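Here the structure is laid out as C-alpha cells; the discussion comes afterwards.
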Amino acid sequence: SQKIEQNSEALNIQEGKTATLTCNYTNYSPAYLQWYRQDPGRGPVFLLLIRENEKEKRKERLKVTFDTTLKQSLFHITASQPADSATYLCALDSSASKIIFGSGTRLSIRP
Amino acid sequence: EAGVVQSPRYKIIEKKQPVAFWCNPISGHNTLYWYLQNLGQGPELLIRYENEEAVDDSQLPKDRFSAERLKGVDSTLKIQPAELGDSAVYLCASSFSRGYNEQFFGPGTRLTVL
Numbered sequence: 408s409q410k411i412e413q414n415s416e417a418l419n420i421q422e423g424k425t426a427t428l429t430c431n432y433t434n435y436s437p438a439y440l441q442w443y444r445q446d447p448g449r450g451p452v453f454l455l456l457i458r459e460n461e462k463e464k465r466k467e468r469l470k471v472t473f474d475t476t477l478k479q480s481l482f483h484i485t486a487s488q489p490a491d492s493a494t495y496l497c498a499l500d501s502s503a504s505k506i507i508f509g510s511g512t513r514l515s516i517r518p
Numbered sequence: 024e025a026g027v028v029q030s031p032r033y034k035i036i037e038k039k040q041p042v043a044f045w046c047n048p049i050s051g052h053n054t055l056y057w058y059l060q061n062l063g064q065g066p067e068l069l070i071r072y073e074n075e076e077a078v079d080d081s082q083l084p085k086d087r088f089s090a091e092r093l094k095g096v097d098s099t100l101k102i103q104p105a106e107l108g109d110s111a112v113y114l115c116a117s118s119f120s121r122g123y124n125e126q127f128f129g130p131g132t133r134l135t136v137l
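Keeping their order, the protein sequence lines are chains A and U. Under the numbering used here, the first residue of the first sequence carries the number 408, and numbering increases by one thereafter. Under the numbering used here, the first residue of the second sequence carries the number 24, and numbering increases by one thereafter.
Below is the structure:
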C-alpha cells in the first residue's frame, strides 16, 4: 500500500541552526510533492511545491529537495528561528492517485 | 481576499446524532477537498470535488457520511449518525484546479462525539 513516513520523533533545534526534515514514500509515483506548515488549532499553510523533474526548490530560508530514485524529499530551514516552531507536513500527489499527507514532524526551535 | 471559511469551528454532539459542516472556498477555486485529521496525524482525504462533481470519494464512509457541493461553490459534509470514532478535525481546502496548485485550508471544525 502507499505509504509516507516523516521524522517520527519531534525535532528540537537550536536557534540559528539548519533544521532538516525528511519525507520518505513507498509504492507511489508522485507527480509533485508539497510541504505545508501547521500551527496548533489551524489548518495547514502551503510552503513549497516541487515537481518530479525538479531536484531542488528554494524560497527565502526554505529549501526542498526531491529524489525520486531514493523516494525521498528533504525540507531545510536555514537560520532557524523560534517562530519556525510548528508541525511540518509533506504531501504527495499524482494524476493517477489520490493525494496523501504524511503524519507530520513537530519542529521546536529553542532560543 | 477572504480565505476558506468553515463553520462551525467547534461542535459537540452525542453519538447517533447527525452533524453537518459547511465550507465556503476561495472565490474562483474549482477544486474543493474535505479532509479528516486525527490528533498527531496528517489530513486524510475524504472527498474531492471538481466544480460540482465528486471525482474522488473512495475514502468517504458512505454508509454514514455524505457531501454535496451545489452550484460548484460552497459545500456541506454530513455525518448521520455520528459515532465516537468520528471525533476529529474536519478540514476543508480549495485550490484553483487539480494539479500543480497549492491548497488553501480553512481553520477546520473540531468535532467531539460523546
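Beta carbons: idealized from backbone N, C-alpha and C, even for Gly. These numbers were taken from a predicted model, which means no experiment stands behind them.
request  = Establish whether the CB of Gln479/A and some CB of chain U are separated by less than 8 Å.
outcome  = It does not: the Cβ of Gln479/A has no partner Cβ on chain U nearer than 8 Å.
query = Taking Cβ positions, are Gly110/U and Leu83/U nearer each other than 8 Å?
reply = The amino acid occupying residue 110/U in the given sequence is Ser; Gly does not appear at that position. No, they are not a contact pair.
message = Closer than 8 Å is the cut-off here; do at least three beta carbon pairs connect the stretch 493 to 510 of chain A with the stretch 63 to 77 of chain U?
response = As far as the Cβ criterion goes, the stretch 493 to 510 of chain A touches the stretch 63 to 77 of chain U, which means the pair count is three or higher.
ask   = Can you tell me whether DSSP reads Lys94/U as helix, strand or coil?
value = Helix.
ask   = Within this structure, are the beta carbons of Asn53/U and Glu73/U separated by less than 8 Å?
value = yes
inquiry  = What would DSSP say about Asp500/A, mapped onto helix, strand or coil?
reply    = strand
task = Let me know if Arg92/U comes out buried or exposed under the rule of 16 or more other beta-carbons within 10 Å of its beta-carbon.
result = buried
query = So, does the CB of Gly423/A fall closer than 8 Å to a CB anywhere in chain U?
reply = In terms of beta-carbon proximity, Gly423/A stays away from the interface with chain U, with every pair separated by 8 Å or more.
request  = Could you spell out the range, first to last residue, of the beta strand (DSSP E) harbouring Arg513/A?
outcome  = Thr512 to Arg517
task = Pull up the distance between the alpha-carbon of Pro130/U and that of Val112/U, whole angstroms please.
result = 9 Å
message = Less than 8 Å between CB atoms is the rule here; does Ser510/A satisfy it with respect to chain U?
response = Judged by the 8 Å Cβ criterion, Ser510/A is in contact with chain U.
task = Could you name the residues of the stretch 47 to 72 of chain U whose beta carbon sits closer than 9 Å to any beta carbon of chain A, in the order they occur along the chain?
result = Against chain A - using a Cβ distance shorter than 9 Å - the residues of the stretch 47 to 72 of chain U are Tyr56, Tyr58, Gln60, Gly63, Gln64, Gly65, Pro66, Glu67, Leu68 and Arg71.
inquiry  = Rounding to the nearest angstrom, what Cα-Cα distance links Ala417/A and Gly26/U in this structure?
reply    = 30 Å
inquiry  = Suppose the cutoff is 7 Å on Cβ atoms and the five residues either side in sequence are ignored; what does the same chain contact list for Lys424/A look like?
reply    = Ser487
ask   = Is it the case that the Cβ atoms of Tyr495/A and Leu428/A are separated by a distance below 8 Å?
value = yes
ask   = Tell me the DSSP bridge mates of Glu76/U?
value = Paired residues: Glu73/U.
message = Please report the straight-line C-alpha distance between Cys430/A and Lys85/U, rounded to a whole angstrom.
response = 31 Å
task = Taking a Cβ distance cut-off of 9 Å, strictly less, list which residues of the stretch 119 to 137 of chain U are near chain A, in chain order.
result = Arg121, Gly122, Tyr123, Asn124, Glu125, Gln126, Phe127, Phe128, Gly129, Pro130, Gly131 and Arg133
task = Pick out whichever of Val452/A, Glu463/A and Thr433/A has its Cα sitting closest to the Cα of Leu477/A.
result = Thr433/A
inquiry  = Are the CB atoms of Ile484/A and Asp491/A within a distance shorter than 8 Å?
reply    = yes
ask   = Secondary structure at Asp446/A, three-state DSSP: helix, strand or coil?
value = Coil at Asp446/A, not helix or strand.
ask   = Where does Asp86/U sit, in a helix, a strand or coil, going by DSSP?
value = coil
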